[in-house]
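To start, the structure under review is shown below, and the notes come after it.
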Amino acid sequence: MNVRKTTRLLAALAIVYVAYLAAVFVVMRQPPERFGRIMRHVPLPILMVVPVQTMWNIARAGDLRVGDSAPDFNLPRSDKSGDVRLSALRGKPVVLVFGSYT
Amino acid sequence: MNALYGKYGQVASFFVVYIGEAHPSDAWQLPENLRAHVVFASPADFKERSELADICVVKLGIKVPAVVDRFDDATETAYSGWPDRLYVIDADGRVAYKSKPGPYGFKPAEMEGALKRVLARPIAARFPS
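Listed in order, the protein sequences are those of chains A and B.
Under our numbering, think of the first position of the first sequence as -10, with each following residue one higher.
Under our numbering, think of the first position of the second sequence as 12, with each following residue one higher.
Dropping the structure here:
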């Protein structure tokens, strides 16, 4: 294979790879529910050639930054024993653990 | 997290914010959840989410008090909390620590370091006049 052909092939592969990364990133930027519905159809080995963690960190970075005022919430307790308002907890640090069972 | 709650529960408030499922059976079901029989469809409304939160707290023996995000996911959206994430809010209501998004970014030890730094701040800095 001559040099020009090899270069062309590599360039084509690079373009395909970048397009592929862009597609994965677009999927990662989707709201959770849509992201999950897409990912159920994606075989995981496909992600092995992608810097998943770095892209995920960027895709789900969010707008809130250290030093920002924490957005207030008033949410019911899971045991139905009342509500918790974040702004009523001033004076002590608050640790928030976001998550779900699955 | 129970251990950290036991260690710092007196000097800081701890809350689990129960949000939309990461791997419900009707979306991206994971084989490890199937093996562990943690198979739940996406809750259809707030009541179902709240019930699932309660089951989760009991089954996993979570001692940290849990609150449930409303069905519009307003709190999750404001904090970009999905699928899981840790925060430390300081005594003045400012974000002192925001973990990277889970599952990779969910690092309780890193959060503990941030919590220690917040607790070590002099009182004057914690309560500016």
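All residues carry an ideal CB built from backbone N, CA and C; glycine is no exception.
Just checking: is the beta-carbon of residue i within a distance shorter than 8 Å of some beta-carbon in chain B?
| i | result |
| --- | --- |
| F14(A) | no |
| N46(A) | yes |
Does residue i get closer than 8 Å to chain E when you measure Cβ to Cβ?
| i | result |
| --- | --- |
| L130(B) | This model lacks chain E altogether; the protein chains it does include are A and B. |
Going by DSSP in three states, residue i sits in which element: helix, strand or coil?
| i | result |
| --- | --- |
| P34(A) | helix |
| P65(A) | strand |
| R26(A) | helix |
| F117(B) | coil |
| V50(B) | coil |
| V39(A) | coil |
| A77(B) | strand |
With C-beta atoms as the reference, is residue i less than 8 Å away from residue j?
| i | j | result |
| --- | --- | --- |
| E123(B) | I30(B) | no |
| K74(B) | Y115(B) | no |
| V106(B) | V55(A) | yes |
| D37(B) | S53(B) | yes |
| P119(B) | G25(A) | no |
| R29(A) | Q40(B) | yes |
Considering just the uninterrupted stretch of the beta strand (DSSP E) at residue i, what are its terminal residues?
| i | result |
| --- | --- |
| G88(A) | 83 to 88 |
| Y108(B) | 106 to 109 |
Could you check whether the Cβ of residue i sits closer than 8 Å to any Cβ belonging to chain A?
| i | result |
| --- | --- |
| E43(B) | no |
| A64(B) | yes |
| H48(B) | no |
| A107(B) | yes |
Would you list the residues sitting across from residue i in a DSSP beta bridge?
| i | result |
| --- | --- |
| L126(B) | L126(B) is not bridged to any residue. |
| Y16(B) | Paired residue(s): none; Y16(B) is not in a bridge. |
| D72(A) | P65(A) |
| I100(B) | V83(A), V106(B) |
Over what stretch of residues does the alpha helix (DSSP H) that includes residue i continue unbroken?
| i | result |
| --- | --- |
| S61(B) | 57 to 70 |
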